[in-house]
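J.:
In my numbering, the protein residues as written are -2 to 217.
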């Protein structure tokens, strides 16, 4: 849906999010910033982050402003949209932080829209949203558990991303002759996601645990 059918708008929103601040300050429980869909340490896949992951935040903001202006948005015609999220204290904090960053870095006007989990699921299934907070936890330890969620017509592909080459790569991975070939295919698929920006990765989950200092032999 316009204006999010323009990859420049999606890229601008992604670049202008300071993910370090969200992970380390807004959440601050060991979460790590995310620049691609697949987390580190997934079996059989050595993730390569996009080039801009090594840029400073100012460089990202400058590029984001340029892209958004090319897409037709500026101070006189700011980007306006609703950000839908489900009820949770941490989701609220992230939503507030993200909307503030988009306002500061791009001049965008974001309206926060909160719904209970089941209500939000119904809203998302009907496609009645502009930008929505979502998450994914792998069902098994392999890159496809993340990549498959963006395959055309996958039930978890709520943004309706569709890319014929991406679909073909996921199908090709099923018959790869060895781990090296499969990893190369998955990296190609990941690169397509980076180029098309169907989602804005923010942070990777962690599992915080408190263990008393005098407890020995504990293995999480």
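Glycine included, each C-beta is placed from N, C-alpha and C at the ideal position.
Could you spell out the range, first to last residue, of the alpha helix (DSSP H) harbouring residue 79?
T.: Counting along the chain, residue 79 falls outside any alpha helix (DSSP H), though it belongs to the beta strand (DSSP E) covering 77 to 83.
J.: Taking 8 Å as the cut-off, does the segment 125 to 138 touch the segment 72 to 88 (at least 3 CB pairs, one atom from each stretch)?
T.: Short answer: they touch.
J.: Please classify residue 218 as buried or exposed, where buried requires at least 16 neighbouring CB atoms within 10 angstroms.
T.: The question about residue 218 has no answer, for the chain in this structure spans -2 to 217.
J.: Is it buried or exposed, residue 14, if we count other Cβ atoms within 10 angstroms and call 16 or more buried?
T.: Taking every protein chain shown into account, the CB of residue 14 has 16 or more other CB atoms within 10 angstroms, so this residue is buried.
J.: Going along the chain, which unbroken runs of the alpha helix (DSSP H) with 4 or more residues stay wholly within the segment 84 to 113?
T.: 86 to 103, all fully within the segment 84 to 113.
J.: Please identify the residue among 72, 33, 70 whose C-alpha is closest to the C-alpha of residue 186.
T.: 33
J.: With burial defined as no fewer than 16 other Cβ atoms inside 10 Å of the residue's Cβ, what is the status of residue 181: buried or exposed?
T.: exposed
J.: Rounded to whole angstroms, what is the Cα-Cα separation between residue 133 and residue 190?
T.: 16 Å
J.: Report the option in 200, 42, 21 whose CA atom is closest to the CA atom of residue 177.
T.: 42
J.: Alpha carbon to alpha carbon, how far is residue 163 from residue 154?
T.: 13 Å
J.: Indicate the three-state DSSP secondary structure (helix, strand or coil) for residue 129 in the structure shown.
T.: strand
J.: Which of helix, strand or coil does DSSP assign to residue 200?
T.: Note: residue 200 maps to strand in three-state DSSP.
J.: Work out the CA separation of residue 171 and residue 118 for me, nearest whole Å.
T.: 30 Å
J.: Between the segment 9 to 26 and the segment 140 to 149, are three or more C-beta pairs nearer than 8 Å?
T.: no
J.: Cα separation between residue 99 and residue 12?
T.: Computed Cα separation, rounded: 10 Å.
J.: Find the nearest neighbour of residue 106 within the set 58, 206, 8, 74, judged by alpha-carbon distance.
T.: 74
J.: Where residue 209 and residue 24 are concerned, what is the direct C-alpha to C-alpha distance, given to the nearest angstrom?
T.: 22 Å
J.: Are the beta-carbon atoms of residue 109 and residue 97 separated by less than 8 Å?
T.: no
J.: Which residues in the same chain as residue 93 place their Cβ atom closer than 6 Å to its Cβ, once the five residues preceding and following it in sequence are excluded?
T.: none
J.: For a test of the three-state rule: what should DSSP assign to residue 30, helix, strand or coil?
T.: strand
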